[in-house]
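S.K.: I have a structure I would like to understand better, so I am pasting it below and will then ask my questions one at a time.
Numbering (my numbering), first residue to last: -10 to 231.
So this is what it looks like as structure tokens:
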């Protein structure tokens, strides 16, 4: 981990301020994600976690601060320009295209790539998510919640991101499906995907992550190795029900 930390970060967010009208939602946060890490952002509902990811992804504009990917500033670029640079968001609530087939959803995830490369990527996703292969021609809106989450993750991976951001991947899923989703996150990490994870299930998130940041009302209040935060008394009381 020390070698990873000595390298320049893949993602650097510096002094980020985001407003919704007069509401100051993100108040000067800074964070880093290095290559081959899983970094998780935990906190209560309304802490600003999803706002942070949406701002990094170009869906919201910061009033102040910078977002850099591999040293290149992303500020001012829309989401459609950020995806080809290597950053992909799997959004909260999945946001799949309900009326399209599984395969069509996956193809939409690769809109920024050379069409000649897409068949190989489809094969890769179907190997990684066999359930999706079985339902390749099925209308996405008819999938189960767990299958829709797999589809949303696979669609985000179709752009071949350097950094995959996952926003609440376990939301609304039964416990056995939550375990499956976290197994997939671990497998993705082992295959070399760098991940920034926002997750309500702090226990699971800290168990798979390398490092973690704790957010409260738009401010980062703690950060450190995930295992240290997992055993931190204040974190346990606030987020782990201990």
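Glycine included, every Cβ here is placed at the ideal spot set by N, Cα and C.
Taking C-alpha atoms, which residue in 180, 173, 101, 24 lies nearest to residue 60?
M.R.: Nearest C-alpha to residue 60: 24.
S.K.: For residue 135 and residue 170, what's the separation of their Cα atoms in angstroms?
M.R.: Cα to Cα, residue 135 sits roughly 8 Å from residue 170.
S.K.: Per DSSP, what are the beta-bridge partners of residue 156 in this structure?
M.R.: Partner(s): 187.
S.K.: Can you tell me the Cβ-Cβ gap for residue 15 and residue 7, rounded? I've got them flagged as a contact below 8 Å.
M.R.: 4 Å between Cβ atoms; contact.
S.K.: Please report the distance separating the alpha-carbon of residue 226 from that of residue 156.
M.R.: Distance between the alpha carbons of residue 226 and residue 156 is about 23 Å.
S.K.: Counting C-beta neighbours from all protein chains within 10 Å, is the total for residue 138 16 or more, i.e. buried, or is it exposed?
M.R.: Buried, by the Cβ-count rule.
S.K.: Which residue wins for smallest C-alpha separation from residue 145, given the options 192, 174, 1?
M.R.: When only C-alpha atoms are compared, the closest one is 174.
S.K.: Extract the residue ranges of the alpha helix (DSSP H) inside the segment 32 to 67, only unbroken runs of 4 or more that lie entirely within it.
M.R.: DSSP runs (the alpha helix (DSSP H)) wholly in the segment 32 to 67: 38 to 45.
S.K.: Below 8 Å on the Cβ atoms is my contact criterion, and I expect residue 204 with residue 0 to pass it. Report the Cβ-Cβ distance as a whole number of Å.
M.R.: Not really, about 16 Å apart at Cβ, beyond 8 Å.
S.K.: Pick from 12, 20, 51: whose alpha carbon is nearest that of residue 35?
M.R.: Nearest of 12, 20, 51 to residue 35, Cα basis: 12.
S.K.: Just to confirm before moving on: does the CB-CB distance between residue 87 and residue 37 stay below 7 Å?
M.R.: No, these two residues do not count as a Cβ contact at 7 Å.
S.K.: With DSSP run on the structure shown, which of helix, strand or coil describes residue 5?
M.R.: Looking at residue 5 - three-state DSSP - the assignment turns out to be strand.
S.K.: Helix, strand or coil: how does DSSP classify residue 75 here?
M.R.: Residue 75 falls in the coil class under three-state DSSP.
S.K.: What residues are listed by DSSP as bridge partners for residue 29?
M.R.: DSSP, once it has assigned bridges, lists 186, 201 as partnering residue 29.
S.K.: Mind checking who residue 211 pairs with in its DSSP beta bridge?
M.R.: For residue 211, which the question treats as bridged, DSSP gives the partners 203.
S.K.: Going along the chain, which residues of its own chain have a beta-carbon closer than 6 Å to the beta-carbon of residue 208, five neighbours each way excluded?
M.R.: Only 16 meet the Cβ criterion.
S.K.: Short of 7 Å in beta carbon distance, which residues of its chain neighbour residue 94, apart from the five on each side in sequence? Order them along the chain.
M.R.: 85, 86, 129, 140, 144, listed in sequence order.
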